[in-house]
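Heads up: the sequence lines are chains H and P, in that order.
Position 310 of the first sequence, counting from 1, maps to 543 under this note's numbering, and the rest follow consecutively.
Position 97 of the second sequence, counting from 1, maps to 102 under this note's numbering, and the rest follow consecutively.
For every residue, glycine included, the Cβ atom is placed at its ideal position computed from N, Cα and C.
Read the structure below first, then the notes.
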Amino acid sequence: MNDQAHVAERMLPAPAPQGRQEAAPVTTQGVRRGRLAAFLDSDLVHSFLRSKLVVVAAVLTALIFGAAFLAPLIAPHNPYDLKSLSLLDANTPPAWEKGGDARYLLGTDDQGRDILSTMLFGTRSSLQIGICSVLLALTLGLSLGLWAGYAGGRVDTVIMRVADVQLTFPAILTALLIDGVALAILKHHTAEGSKFWILVVAIGLSFWVQYARTVRGVTLVERNKEYVEAARLIGIGPFKIMFQHILPNVMGPVLVIATINLALAIITEATLSFLGVGLPPTEPSLGTMIQVGNRYLFSGSWWMVAFPGLTLALLALAVNLLGDWLRDALNPKLR
Amino acid sequence: MRTSTILKSVIAAAALGLLAGAADARSVKWARSGDALTLDPHAQNEGPTHNVLHLMYEPLVLRDRTGQLLPTLATSWQIREDDPTIWEFKLRQGVKFHNGSTFNADDVVFSLNRALQPTSDMKGLLTFIDTVSKVDDHTVHIKTKGPNPLVPSYLTNLYMMDKEWAEANNTTTVQDYKEKKDNFAVRNANGTGAYALVSREQDVRTVMKRNDNYWGKGEVPLGITEITYLTIKSDATRVAALLSGEVDFVQDVPVQDIDRLEKTANLRVNVGPENRTIFLGMDVASPELKTSNVKGKNPFADRRVRQAVNMAIDREAIKRVVMRGQSVSAGVIAPPFVNGYSKALDALPKVDIDQAKALLKDAGYPDGFQITLNCPNDRYINDEGICQAVTAMMAKIGVRVNLMAQPKGPHFTLIQKNPPETEFYLLGWGVPTYDSHYIFSFLYHTRSGKDGTWNATRYSNPEVDKKVQSLTGEVDQAKRNATIADIWKTLSEETTYIALHHQALAYAMKNDLDIQVSPENTVHMKFIAAKR
Numbered sequence: 234m235n236d237q238a239h240v241a242e243r244m245l246p247a248p249a250p251q252g253r254q255e256a257a258p259v260t261t262q263g264v265r266r267g268r269l270a271a272f273l274d275s276d277l278v279h280s281f282l283r284s285k286l287v288v289v290a291a292v293l294t295a296l297i298f299g300a301a302f303l304a305p306l307i308a309p310h311n312p313y314d315l316k317s318l319s320l321l322d323a324n325t326p327p328a329w330e331k332g333g334d335a336r337y338l339l340g341t342d343d344q345g346r347d348i349l350s351t352m353l354f355g356t357r358s359s360l361q362i363g364i365c366s367v368l369l370a371l372t373l374g375l376s377l378g379l380w381a382g383y384a385g386g387r388v389d390t391v392i393m394r395v396a397d398v399q400l401t402f403p404a405i406l407t408a409l410l411i412d413g414v415a416l417a418i419l420k421h422h423t424a425e426g427s428k429f430w431i432l433v434v435a436i437g438l439s440f441w442v443q444y445a446r447t448v449r450g451v452t453l454v455e456r457n458k459e460y461v462e463a464a465r466l467i468g469i470g471p472f473k474i475m476f477q478h479i480l481p482n483v484m485g486p487v488l489v490i491a492t493i494n495l496a497l498a499i500i501t502e503a504t505l506s507f508l509g510v511g512l513p514p515t516e517p518s519l520g521t522m523i524q525v526g527n528r529y530l531f532s533g534s535w536w537m538v539a540f541p542g543l544t545l546a547l548l549a550l551a552v553n554l555l556g557d558w559l560r561d562a563l564n565p566k567l568r
Numbered sequence: 006m007r008t009s010t011i012l013k014s015v016i017a018a019a020a021l022g023l024l025a026g027a028a029d030a031r032s033v034k035w036a037r038s039g040d041a042l043t044l045d046p047h048a049q050n051e052g053p054t055h056n057v058l059h060l061m062y063e064p065l066v067l068r069d070r071t072g073q074l075l076p077t078l079a080t081s082w083q084i085r086e087d088d089p090t091i092w093e094f095k096l097r098q099g100v101k102f103h104n105g106s107t108f109n110a111d112d113v114v115f116s117l118n119r120a121l122q123p124t125s126d127m128k129g130l131l132t133f134i135d136t137v138s139k140v141d142d143h144t145v146h147i148k149t150k151g152p153n154p155l156v157p158s159y160l161t162n163l164y165m166m167d168k169e170w171a172e173a174n175n176t177t178t179v180q181d182y183k184e185k186k187d188n189f190a191v192r193n194a195n196g197t198g199a200y201a202l203v204s205r206e207q208d209v210r211t212v213m214k215r216n217d218n219y220w221g222k223g224e225v226p227l228g229i230t231e232i233t234y235l236t237i238k239s240d241a242t243r244v245a246a247l248l249s250g251e252v253d254f255v256q257d258v259p260v261q262d263i264d265r266l267e268k269t270a271n272l273r274v275n276v277g278p279e280n281r282t283i284f285l286g287m288d289v290a291s292p293e294l295k296t297s298n299v300k301g302k303n304p305f306a307d308r309r310v311r312q313a314v315n316m317a318i319d320r321e322a323i324k325r326v327v328m329r330g331q332s333v334s335a336g337v338i339a340p341p342f343v344n345g346y347s348k349a350l351d352a353l354p355k356v357d358i359d360q361a362k363a364l365l366k367d368a369g370y371p372d373g374f375q376i377t378l379n380c381p382n383d384r385y386i387n388d389e390g391i392c393q394a395v396t397a398m399m400a401k402i403g404v405r406v407n408l409m410a411q412p413k414g415p416h417f418t419l420i421q422k423n424p425p426e427t428e429f430y431l432l433g434w435g436v437p438t439y440d441s442h443y444i445f446s447f448l449y450h451t452r453s454g455k456d457g458t459w460n461a462t463r464y465s466n467p468e469v470d471k472k473v474q475s476l477t478g479e480v481d482q483a484k485r486n487a488t489i490a491d492i493w494k495t496l497s498e499e500t501t502y503i504a505l506h507h508q509a510l511a512y513a514m515k516n517d518l519d520i521q522v523s524p525e526n527t528v529h530m531k532f533i534a535a536k537r
């Protein structure tokens with residue numbers, strides 16, 4: 234049995250990426266530089282550097298992510314500290330406008346919060362929710378897709394029919410539904426604190442289908458390949474085969490979906506907040522800020538909606554461009 | 006050639022004639038932030054609900070924009086000389102309900118008794134009634150528990166239903182709104198009013214058509230042929246709808262947009278004070294607050310805490326910034342229209358953060374405490390903005406407020422539930438009777454039976470209750486006013502409620518309409534003439 238397994242494993246094509254196996258023994262600097270050089274010389278990097286637009290998008294994304302996650306350090310004010318707010322500072326225009334105040338570079342909102350600081354913290358909330366919900370959708374979609382594709386039969390039918398049914402609803406509708414049900418279950422007084430996780434679950438659950446379908450498709454192809462059959466032959470359990478042997482082969486397309494979905498998740502969060510079911514106005518995300526600012530559009534307080542709106546648009550655009558590029562770069566058919 | 010000229014002039018004249026015909030009548034698309042909660046005439050004593058009901062249903066007596074009582078379904082009323090506890094109402098003859106049946110004394114007896122049912126929200130207005138009886142088809146006697154000179158002003162929002170219609174449709178019992186019950190009258194209407202219901206989609210649109218058999222034809226302008234009442238919750242969308250011409254009349258104009266609308270050609274903005282005060286209520290009697298981190302005791306039960314909260318609120322800042330000047334800061338929850346109001350009562354507490362903190366420290370809360378504030382977001386002008394401002398002001402004295410804003414339907418249910426499901430809340434109270442008793446009986450009287458139905462503070466003071474009850478039977482106006490002043494004195498020392506401001510209103514509309522602000526914020530469309 235032992236011998237057989239040994240022979241069988243030698244017959245397998247390497248299931249995991251080559252790099253991981255090398256990583257352990259490589260310690261000398263020379264080789265590490267060699268790897269870096271190899272990476273810098275790869276197709277991915279070349280295709281990245283070739284397109285100026287993608288470079289700009291990457292820089293923009295990095296800037297926004299950096300600024301958002303450093304918000305507590307770099308924001309001039311803390312918008313969550315209600316003690317520091319003064320109603321008398323409310324509705325101040327940006328510093329360069331008439332009536333502006335140097336303390337508030339981009340002006341203040343209707344409660345006297347600094348727009349710039351609120352935006353930094355708000356972007357942070359938006360990104361946190363976006364990333365967490367993408368991770369949730371990815372985990373769920375990946376597991377169910379692998380299971381459906383590998384097990385086939387009734388499991389496949391059930392999972393994919395559920396997915397098909399969910400696909401007939403727009404994602405925002407599903408998210409609204411889950412959000413509403415969660416609020417009703419959790420009752421109002423406990424809901425505020427757990428709002429963040431409710432949003433993560435609502436958005437995560439409305440985006441898992443795409444992952445599941447993609448992963449299932451790839452799995453269907455992979456499970457009949459020789460290396461999987463061989464692995465099964467030597468008695469490796471289905472769980473290990475799915476996650477150790479098949480999973481690495483589906484990561485490419487999943488990564489692409491995840492990037493594009495991040496932009497979608499951020500926009501969905503903003504939409505939910507804009508509709509008033511997202512983050513509360515005391516802890517605003519970009520969507521909440523746009524909702525509040527929207528009320529003051531006719532009265533001329535354009536800065537309340539313009540800056541968060543612009544940030545949201547730029548963020549979504551940049552992440553989307555990166556996703557698009559990644560899709561093209563990783564697609565062997567387009568090379 | 007000549008015939009064609011003549012033909013042309015005939016056509017032109019006809020066209021002009023058509024235009025002229027259209028000039029004195031038009032339909033109106035009317036937008037408001039919130040809808041009537043129900044069409045059951047006695048299920049909710051709430052402003053926007055009354056606003057819609059008044060179009061289709063009518064009371065015996067109507068209060069007009071200037072505060073005058075107008076004969077409506079009753080033509081005259083007086084206290085019987087032989088018995089001061091009997092009010093005699095003479096009913097209007099020849100009035101028909103929308104379904105064609107005749108209005109008579111049976112309907113009045115039925116409607117008033119219906120409004121006295123336990124599930125009715127109007128019962129608190131009628132605590133003075135002993136019995137209602139029919140004398141003949143067009144005369145009704147209301148026997149009061151003691152002599153009561155103010156009976157007609159309690160009846161201005163009490164609508165008359167058709168007894169036969171209610172019986173035929175199994176809707177003789179009032180809808181229990183707070184328990185989310187339903188009945189036929191919730192979605193259908195059969196009144197005597199100037200407009201009859203065509204269709205209704207709750208929280209979306211209600212369409213009403215002019216009643217061609219209306220008894221007041223010729224007496225009131227009736228310039229509006231059809232009313233489409235739309236609920237547009239978002240401030241910006243509502244204003245945009247008016248600017249784009251999609252609606253003709255916006256009843257709740259956001260204060261920040263008044264300027265812009267006034268400057269727009271073809272639009273008119275009318276402003277005026279409302280007979281309504283916005284205030285905060287606190288649970289002052291429960292042994293423990295569910296939403297607070299303080300366990301084993303209730304911070305609001307301590308008067309010093311209430312005074313600290315009162316002192317921490319900068320009303321003038323709310324007025325200037327949140328309300329943009331469209332309010333009058335208040336020290337008492339009685340609007341200036343009300344009998345019993347005085348400038349001394351309405352004096353504003355001084356804003357003093359240090360003293361407020363000292364009071365909290367004395368009360369045993371040096372680090373403040375946590376509490377949830379319930380707030381409506383589609384009822385009063387900038388209600389959510391006010392609550393947010395209060396939240397920030399509370400933070401300055403260490404009280405950490407968790408703000409919970411939601412539409413008025415669920416919000417009011419929290420207040421009306423028994424026991425109430427809120428411990429700190431925003432509410433506005435309008436006073437259709439123009440008398441303090443209405444405030445006392447609904448907001449301060451111990452919650453029991455017909456009284457205290459909107460009192461979610463759990464405040465209960467038997468002495469105050471007794472004095473409030475004595476008001477209904479007091480005929481001597483001077484003595485009655487003295488009791489009112491006495492009650493207010495006790496209550497303002499208690500600080501059960503924290504008054505914020507008396508609300509002002511702004512209506513915006515197309516130029517050919519001229520709808521003046523009414524202190525009750527109820528628009529009686531039958532009085533509106535359309536002129537182009």
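- At a Cβ-Cβ threshold of 7 Å, S465/P and T451/P count as neighbours.
- Taking a Cβ-Cβ cut-off of 7 Å, L273/H has no neighbours in chain P, whose nearest Cβ is about 51 Å from it.
- A residue is called buried once 16 or more other Cβ atoms fall within 10 Å of its Cβ, and S506/H is buried on that count.
- With the rule of 3 Cβ pairs closer than 8 Å, the stretch 290-305 of chain P does not count as touching the stretch 304-312 of chain H.
- Here the alpha carbons of P412/P and C392/P stand approximately 14 Å from one another.
- One alpha carbon belongs to L320/H, the other to T527/P, and they sit about 32 Å apart.
- The continuous alpha helix (DSSP H) containing P157/P extends over residues 156-159.
- Partner residues in the beta bridge of Y164/P, as assigned by DSSP, are P64/P.
- Contact of T396/P with chain H by beta-carbon distance below 7 Å involves L315, T515.
- In the three-state DSSP reduction, W35/P falls in the strand class (E or B).
- Chain-ordered listing is empty here: chain P has no CB closer than 7 Å to the CB of L512/H, the nearest sitting near 12 Å.
- In this model, A400/P and L339/H are separated by some 25 Å (Cα to Cα).
- In the DSSP assignment, G355/H falls within the alpha helix (DSSP H) that extends over 348-384.
- For L510/P, the uninterrupted beta strand (DSSP E) segment begins and ends at 502-515.
- Per DSSP, P226/P is not a residue of any alpha helix (DSSP H), being assigned neither H nor E.
- In the DSSP assignment, Y443/P falls within the unbroken alpha helix (DSSP H) covering 441-444.
- Across the structure, I297/H and T356/H are spaced so that their CA atoms are roughly 8 Å apart.
- Collapsing the DSSP output to three states places Y464/P in coil.
- Remark: C-beta atoms of A504/P and A335/P approach each other more closely than 7 Å.
- Pairwise C-beta distances place the stretch 477-497 of chain P out of contact with the stretch 239-248 of chain P, as fewer than three of them are shorter than 8 Å.
- When the Cα atoms are used, I323/P and T132/P turn out to be separated by approximately 37 Å.
- Within chain H, R528 have C-beta atoms less than 8 Å from the C-beta of D240/P, given in sequence order.
- Residues of the stretch 348-382 of chain H with a C-beta less than 7 Å from any C-beta of chain P: none at all.
- Secondary structure of Y444/H (DSSP, three-state): helix.
- Sequence-distant Cβ neighbours of N271/P in its own chain, meaning closer than 8 Å and more than five residues away, are K515, N516.
- Bridge pairing for T236/P: R37/P [DSSP].
- By the Cβ-count criterion, F472/H is exposed, with fewer than 16 other Cβ atoms from all chains shown falling within 10 Å of its own Cβ.
- Within chain P, the residues placing a beta-carbon under 7 Å from that of Q344/H are Q393, A394, A397, ordered along the chain.
- For S506/H, not one C-beta of chain P is nearer than 7 Å to its own C-beta.
- Within 8 Å of the CB of L321/H, the CB atoms of chain P belong to A322, R325, V326, in sequence order along the chain.
- At least one C-beta of chain H is nearer than 7 Å to the C-beta of Q261/P.
- According to DSSP, residue pairing for L74/P in a beta bridge involves R68/P.
- Taking 4 residues as the shortest admissible run, the stretch 267-349 of chain H contains the following complete alpha helix (DSSP H) segments, listed from N- to C-terminal end: 276-283, 285-302, 304-307.
- Approximately 6 Å separates the beta-carbon atoms of A396/H and R446/H; this is inside 8 Å, confirming the contact.
- DSSP places S116/P in no beta strand (DSSP E) but in the uninterrupted alpha helix (DSSP H) bounded by 110-120.
- In the DSSP assignment, R210/P is bridged to E206/P, L235/P.
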